[in-house]
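> Structure provided below as structure tokens; questions to follow.
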Amino acid sequence: GNDGYKLWLEYQKVSAPRLVRQYNEAISGIVVKSQSATLKIAESELRLALERMLDKKISPLNIAAHNAILLGTPESSAEIKTMLSSGNFSLGDEGFVIQSRRINNMTTTVIAANKDIGVLYGVFAFIRLIQTHQPINNLSIINVPKIKNRVLNHWDNLNRSVERGYAGISIWNWHTLPGYIDQRYIDYARANASIGINGTVLTNVNANSQVLTQEYLVKVKALADAFRPYGIKVYLTAKFSAPIELGGIKTADPLNQEVINWWKNKCREIYSLIPDFGGFLVKANSEGQPGPQGYGKTHADGANMFAGALEPYGGIVMWRAFVYDVRVQKEGEHFTEGSGGEHTQTIASGDRFKQAYAEFKPLDGQFKKNVLLQVKNGPIDFQPREPFSPLFGAMPQTPLMMEFQITQEYVGQSTTLAYLAPMFKECLDADTYSKGKGSTVARVIDGTIDGHTVSGIAGVANIGNDRNWTGHLFGQANWYAFGRLAWNYDLSPETIAEEWIRQTFNNNDAFINPVKRIMSASREAVINYMTPLGLNHIMGTSHHYGPAPWVKNAGRADWNPVYYHKADSVGIGFDRTKTGSDALAQYAPEVRQQWSDMNTCDYRYLLWFHHVPWNYKINTGSTLWNELCYRYQSGVDTVRWMQQTWDGLDNLVDKERFQHVRMLLGIQEQEAVWWRNACLLYFQTFSKMPFPPGFEEPY
Ligand code: GCW
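Using UniProt numbering, read the sequence shown as starting at 19 and increasing by one per residue.
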């Protein structure tokens, strides 16, 4: 059986005779002249892959022979030294070159890089060529990542529960660490290295200071040691109040000398165990987490304290900009978080959309050099579709990191097939106009627009201890796509989907094409049956699964779905123009303009920015109410089409994976119907309009 455990590293046997001949001719063996841990891994991964795919023994070669694959760096190979010094490759520390060359008059495939890790990345890229049945002669590939820190964020708790995790419990078994290194850790590292992920934050942003104790740090060290040869650095979340909880200090004030010293000592301790520790990810003054504002200090004061402690060791601080509180109405105004329902009074005037910008923009220029501000893609919270966060482009003096969510908290979790590359891409491609046309979010975060040398992108991981890692098999594609886009945001979602299908399943066009169509349609389908036309945050309170647009007492006003859709007898949607919260003012004029007029605003963002009358004829040609009905129905229809399409593939994929996806699509169809019925019947109590003719009536 095939349970999906091997992810996209299946390395299936190539059977097409033409390809078998071609690959066999081009590959006689592997030459590698180094015993470094990373190069050894590169060699053994390549051998494993080739032996499986070509079904033959691959011998290590000592001297360059005909059709050898030569792996290495200038340090490990004289030939590579000559090659790299003769051209202008600009590979940096992680880039690689794959080149077919003649060396000593023999045809050779060279996989070279400045550093060992680049060679490993090159090896995985070479393996991918064969996995996807590409030619491997006359290669001339130069590939360098566009973003420096490409990290997963695990929201994993020390008790192995995973916040917003839908794939079992945490893969980190704190109980058996440090003595036991599960094969899963190694396979995790291999999978990440294969797509260029070079960092992992092991613990939940809702942090537990316990992980900073000696007892846990030796466990963290064991993981760091296991991941190091794969180029993966380990990071931890730092709970702001740790000096109080662990240090017995009375305060966590970031300007207090005792507190500063406590963190300095903590960093010294960490780095003595883990010399290449990546740094801290911090959630502060957000959803009840402690932070500098509790001491009348700013986010910059807080971030800089950590930055100072990490600086001597080259560590970084990833400081999250995910803050909100409906009480904030004026820019720059700060509050310490409460937790209860006391904000209910201010529903009408506040706009959560505006808070992150309001709090952080004034701090631009105040952060130390090793601080990155980690901003969620959208202004609210990982909705099926959000406009890009107005912070992108608004803080030129601060390196902004992207935070995507791979795990599908608001996108149907692990019963839903939703391929998220189009969502990531949509945000990365969005134009902020911060330095004129072409100032895309991608170019803000890669540092090119504002000249930053440090850059980062994070994905909240969907990985758990389920047999197939991600709960839904197609969740693997989102992990894969995140890594591929983090490395190169110019790749298209279709290209990535096709790569993933070929590597995960097979190279049969009769399978690839329909699956690609399913994946490409999936996210838009989910938007349609959950939150069409720019609706958002109408999921069930706290679990965020399934529809609950009617909820108005979720504990905090800004958790209430009614706060987000604002349906009333007139219409639906959140007016964020000048007549409303004017959140649009946080964008560059060009962006503001594209969304500020109800008549020209892209229908996909319409209700994000406008309160639109039910019978208003929107620019799709229908009334708002009818369009809403059509969208919900078309979401359901697409899921049914996905089911039928998948059903037609039963003889092209193993039974186990076929059934797995088939059953989940069955659940997804029921969910789509549930969403459509719940939302339309509820919204109809405001619109009081009939369903359009021919419409499948919700019941
Ligand atoms: O998406 C929301 C989640 C919380 C999460 C928070 C955050 C880790 O509902 O579970 O907490 O965002 O990103 O901090």
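Idealized CB from N, CA, C, for every residue including glycine.
1. Going by DSSP, what residue range makes up the beta strand (DSSP E) through Gly493?
2. Rounded to the nearest angstrom, what separates Val630 and His583 at their Cα positions?
3. Using only the heavy atoms of the ligand GCW, determine whether one of them is closer than 8 Å to the beta carbon of Ser304.
4. Kindly say whether Asp271, judged by its beta-carbon, lies nearer than 9 Å to any beta-carbon of chain D.
5. Should Pro708 go down as buried or exposed, given a rule of 16 or more other Cβ atoms within 10 Å for buried?
6. How about Lys257: is its Cβ closer than 8 Å to a heavy atom in the ligand GCW?
7. Short of 8 Å in beta carbon distance, which residues of its chain neighbour Gly358, apart from the five on each side in sequence? Order them along the chain.
8. Please state whether DSSP places Met441 in a helix, a strand or coil.
9. Suppose you measure from the CA of Asn210 to the CA of Phe422; what does that come to, to the nearest Å?
10. For the alpha helix (DSSP H) containing Gln232, list its first residue and its last residue.
11. With distances taken from CA atoms, which of Pro607, Arg502, Phe492 is nearest Gly454?
12. Thr316: buried (16+ other C-beta within 10 angstroms of its C-beta) or exposed?
13. Given 8 Å as the limit, tell me if Phe142 has its C-beta closer than that to any heavy atom belonging to the ligand COA.
14. Can you tell me whether DSSP reads Glu512 as helix, strand or coil?
15. Figure out for me which residue from Glu63, Pro380, Met681 has the closest Cα to the Cα of Tyr248.
16. Could you tell me which residues DSSP pairs with Glu421 in its beta bridges?
17. Quick one: what's got a C-beta closer than 7 Å to Phe378's C-beta in the same chain, skipping five residues either side?
18. How many Å lie between Thr362 and Val219 at the Cα?
19. Return helix, strand or coil for Leu646, following the three-state DSSP convention.
20. Distance check for Gln373 and Val346, CA to CA, integer angstroms please.
21. When the Cα of Glu404 is compared with those of Asp586, Glu444, Lys58, which residue comes out closest?
22. If you count every other CB in all the chains shown that lies within 10 Å of the CB of Gly217, and 16 or more means buried, which is it?
23. On the criterion of 16 or more Cβ atoms from any shown chain inside 10 Å, does Glu351 qualify as buried, or is it exposed?
24. Reducing DSSP to helix, strand and coil, say where Asp134 ends up.
25. DSSP three-state label for Arg119, please.
26. Determine, using beta carbons only, whether Tyr581 and Asn496 come nearer to each other than 9 Å.
27. State buried or exposed for Val389, treating a residue as buried only when at least 16 other CB atoms are found within 10 Å of its CB.
28. Alpha carbons only, please: which of His490, Gln384, Ile475 is nearest the one belonging to Gly430?
29. Pairs of beta-carbons, one from the segment 586-596 and one from the segment 559-568, closer than 8 Å: are there three or more?
30. State the Cα-Cα distance for the pair Arg461 and Tyr451, rounded to the nearest angstrom.
31. Would you check if the distance between the CB atom of Leu241 and the CB atom of Ile288 is smaller than 9 Å?
32. Classify Glu93 as buried or exposed, calling it buried when 16 or more other Cβ atoms lie within 10 Å of its own Cβ.
33. Quick one: residues in its chain with C-beta nearer than 6 Å to the C-beta of Leu147, no 5 flanking neighbours on either side, listed in chain order?
34. What's the C-alpha gap between Lys394 and Glu233?
35. In three-state DSSP terms, what is Met336?
36. For Arg622 versus Gln651, is the C-beta spacing smaller than 9 Å?
To lay it out plainly:
1. On the sequence shown, residue 493 is found 475 positions in, with the first residue counted as 1. Per DSSP, Gly493 belongs to no beta strand (DSSP E); it is in the alpha helix (DSSP H), 493-505.
2. As a working mapping, residue 630 is identified with position 612 in the sequence shown. As a working mapping, residue 583 is identified with position 565 in the sequence shown. Their backbone Cα atoms lie some 11 Å apart in a straight line.
3. Here residue 304 corresponds to residue number 286 of the sequence shown, with the count starting at 1. Yes, the Cβ of Ser304 comes within 8 Å of a heavy atom of the ligand GCW.
4. This model lacks chain D altogether; it includes just one protein chain.
5. Indexing the sequence shown from 1 puts residue 708 at position 690. Exposed, since its Cβ has fewer than 16 Cβ neighbours within 10 Å.
6. What you label residue 257 is simply residue 239 of the sequence shown in a count that begins at 1. Lys257 Cβ: outside cutoff for every heavy atom of the ligand GCW.
7. Within the sequence shown, residue 358 is the residue found at index 340, counting from 1. Any reading at Gly358 must be qualified, since the residue scores a pLDDT of 33, below 50, and its modelled position is unreliable; the value itself is stated next. Correct list, in chain order: Gly573, Arg574.
8. The count along the sequence shown starts at 1 and reaches residue 441 at position 423. Reduced to three states, the DSSP call for Met441 is helix.
9. In the sequence shown, residue 210 corresponds to position 192, counting from 1. In the sequence shown, residue 422 corresponds to position 404, counting from 1. Going by the C-alpha atoms only, they are around 16 Å apart.
10. Mapped onto the sequence shown, residue 232 falls at position 214. Note, Gln232: alpha helix (DSSP H), 232-245.
11. Start at 1 with the first residue of the sequence shown, and residue 454 comes out as number 436. When only C-alpha atoms are compared, the closest one is Pro607.
12. What you label residue 316 is simply residue 298 of the sequence shown in a count that begins at 1. By the neighbour-count rule (16 or more Cβ atoms within 10 Å), Thr316 is buried.
13. Because the ligand COA does not appear in the structure shown, any question about it cannot be addressed here, the ligands present being the ligand GCW.
14. Here residue 512 refers to the residue found at position 494 of the sequence shown. It is helical.
15. Position 230 of the sequence shown, counted from the start, is the residue given in the question as residue 248. Closest by alpha carbon: Glu63.
16. Reading the sequence shown from its first residue, position 403 is the one you call residue 421. Answer is Lys394, Ala476, bridged to Glu421.
17. The sequence position of residue 378 within the sequence shown is 360, counting from 1. Around Phe378: His317, Ala339, Leu391, Leu409, Met413.
18. Here the question's residue 362 lines up with position 344 in the sequence shown. Here the question's residue 219 lines up with position 201 in the sequence shown. Below a pLDDT of 50, predicted positions are generally treated as unreliable, and Thr362, at 31, falls in that range; no measurement from the model is reported.
19. In the sequence shown, residue 646 corresponds to position 628, counting from 1. Leu646 falls in the helix class under three-state DSSP.
20. By 1-based counting over the sequence shown, the position of residue 346 is 328. By 1-based counting over the sequence shown, the position of residue 373 is 355. Confidence in Val346 is poor, its pLDDT being 42 and thus under 50, which makes the residue's placement unreliable; the coordinate value appears in the next sentence. Answer to the nearest angstrom: the Cα atoms are 7 Å apart.
21. Within the sequence shown, residue 404 is the residue found at index 386, counting from 1. The option with the nearest alpha carbon to Glu404 is Glu444.
22. By one-based count along the sequence shown, residue 217 stands at place 199. Classification of Gly217: buried, given that the 10 Å Cβ count is 16 or more.
23. Taking the first residue of the sequence shown as 1, we reach residue 351 at position 333. With a pLDDT of 39 at Glu351, under the threshold of 50, the predicted position of this residue should be treated as unreliable, though the coordinate-derived value follows. Glu351 should be labelled exposed.
24. Your numbering for residue 134 matches position 116 in the sequence shown. The answer is helix: DSSP assigns Asp134 an H, G or I state.
25. Sequence index remark: in the sequence shown, residue 119 carries index 101 (1-based). Arg119: strand per DSSP, three-state reduction.
26. Here residue 581 refers to the residue found at position 563 when the sequence shown is read from its first residue. Here residue 496 refers to the residue found at position 478 when the sequence shown is read from its first residue. Not closer than 9 Å, so no.
27. Within the sequence shown, numbered from 1, the residue matching residue 389 stands at position 371. Buried.
28. Here residue 430 corresponds to residue number 412 of the sequence shown, with the count starting at 1. Nearest option by C-alpha distance: His490.
29. no
30. The count along the sequence shown starts at 1 and reaches residue 461 at position 443. The count along the sequence shown starts at 1 and reaches residue 451 at position 433. Each residue's Cα considered, the two are about 11 Å apart.
31. As a working mapping, residue 241 is identified with position 223 in the sequence shown. As a working mapping, residue 288 is identified with position 270 in the sequence shown. Not a contact, by the Cβ cut-off of 9 Å.
32. Here residue 93 refers to the residue found at position 75 of the sequence shown. Exposed is the call here.
33. Sequence index remark: in the sequence shown, residue 147 carries index 129 (1-based). The residues are Ile154.
34. If you number the sequence shown from 1, residue 394 lands on position 376. If you number the sequence shown from 1, residue 233 lands on position 215. Distance between the alpha carbons of Lys394 and Glu233 is about 32 Å.
35. Position 318 of the sequence shown, counted from the start, is the residue given in the question as residue 336. Met336 falls in the strand class under three-state DSSP.
36. By 1-based counting over the sequence shown, the position of residue 622 is 604. By 1-based counting over the sequence shown, the position of residue 651 is 633. Going by C-beta atoms, Arg622 is not nearer than 9 Å to Gln651.
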